[in-house]
Ligand code: MD3
Ligand code: FE
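Residue numbers (the numbering used here): 118 to 331.
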């Protein structure tokens with residue numbers, strides 16, 4: 118099948134839903150270099166807990182790199198070129214992260230993936246992300262590529278209708294998922310992170326999402 122043609126033999130694939138492909142352990146090889154690049158970004162744009170329009174403080178800590186970053190406040194969600202915390206542009210997207218996202222997108226059948234935003238989410242035990250859709254990106258034909266590092270998480274994956282009960286998928290260190298096509302507008306979230314200790318990341322999980330916003 119053309120989709121699976123140039124995979125390294127050790128990469129196992131699972132189709133989660135139409136248009137959603139899980140590349141098991143795709144990022145495990147270069148994990149230390151990826152983590153170092155992420156930590157360098159976070160020194161310039163620290164993790165922070167956004168306020169939601171509904172008046173809550175998110176349990177997930179967030180930052181961004183690349184031309185645009187996802188930000189939230191009491192007045193709403195948006196993508197912004199400047200970090201409201203530092204009044205500086207977001208740090209550049211490190212080359213090793215862009216390369217990983219592009220190789221993953223290509224494996225899933227999306228050539229020429231060119232993200233202009235990378236959202237960095239950090240979960241500590243107990244942190245969770247409620248069911249939501251990502252639809253503030255202008256080009257919904259482009260997929261979202263997500264990279265999971267550190268502690269495992271239970272990912273909740275529904276349908277474009279909020280009523281449908283979500284499936285549960287366990288995402289572990291090094292997993293990369295490409296979400297495109299019919300799955301792009303599915304409701305999804307992350308269950309409260311279970312406690313644990315990861316050899317490289319310690320007591321936390323990082324999730325990076327690469328997006329085409331403009
Ligand atoms: C399916 N992040 O940042 S990544 C988010 O693990 C977000 O931190 C989760 O949902 C996390 O918005 C899940 C996987 C993901 C990201 C975006 C999607 C799955 C998606 C958009 C559409 C469908
Ligand atoms: Fe999301």
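Beta carbons are placed, not taken as given, at the ideal position from N, Cα and C, and that holds for glycine.
From the DSSP output, in three-state form, read off residue 205 for me.
As a first step, residue 205 is located in the chain shown; it is residue number 88 there, counting from the start. Strand at residue 205.
Residue 182, enclosing beta strand (DSSP E) - first and last residue
Reading the chain shown from its first residue, position 65 is the one you call residue 182. That run of the beta strand (DSSP E) goes 178 to 182.
Need the endpoints of the beta strand (DSSP E) that residue 326 sits in, please.
Sequence index remark: in the chain shown, residue 326 carries index 209 (1-based). Unbroken beta strand (DSSP E) run through residue 326: 322 to 328.
So what's residue 263 in DSSP terms, helix, strand or just coil?
For the purposes of this step, residue 263 is identified with residue 146 of the chain shown, where counting begins at 1. DSSP places residue 263 in strand when its eight states are reduced to three.
Check the DSSP bridge columns for residue 246 and list the partner residues they point to.
In the chain shown, residue 246 corresponds to position 129, counting from 1. Residue 246 is bridged to 307.
With three or more C-beta pairs closer than 8 Å as the rule, is the region 131 to 144 touching the region 152 to 161?
no
Pick out whichever of 227, 267, 235 and 202 has its Cα sitting closest to the Cα of residue 212.
Locating residue 212 in the chain shown gives position 95, counting from the first residue. Nearest C-alpha to residue 212: 235.
How would you label residue 304, buried or exposed, when you count the other beta carbons within 10 angstroms and need 16 or more for buried?
Sequence index remark: in the chain shown, residue 304 carries index 187 (1-based). Classification for residue 304: buried.
Along the alpha helix (DSSP H) that carries residue 215, what are the first and last residues, could you check?
Position 98 of the chain shown holds residue 215. From DSSP, the alpha helix (DSSP H) with residue 215 extends over 212 to 224.
Output yes or no for whether 9 Å exceeds the beta carbon distance between residue 189 and residue 160.
On the chain shown, residue 189 is found 72 positions in, with the first residue counted as 1. On the chain shown, residue 160 is found 43 positions in, with the first residue counted as 1. Cβ distance not < 9 Å, so residue 189 and residue 160 don't count as in contact.
When the distance is taken between beta carbons, is residue 295 closer than 9 Å to residue 142?
Within the chain shown, the letter at position 25 stands for residue 142. Within the chain shown, the letter at position 178 stands for residue 295. No.
First and last residue of the beta strand (DSSP E) that includes residue 288?
Looking up residue 288 in the chain shown gives position 171. From DSSP, the beta strand (DSSP E) with residue 288 extends over 284 to 288.
Classify residue 294 as helix, strand or coil using the three-state DSSP reduction.
By one-based count along the chain shown, residue 294 stands at place 177. Three-state DSSP puts residue 294 in a strand.
Count the CB pairs spanning the region 175 to 184 and the region 233 to 252 that are closer than 8 Å, and state whether there are at least three.
yes
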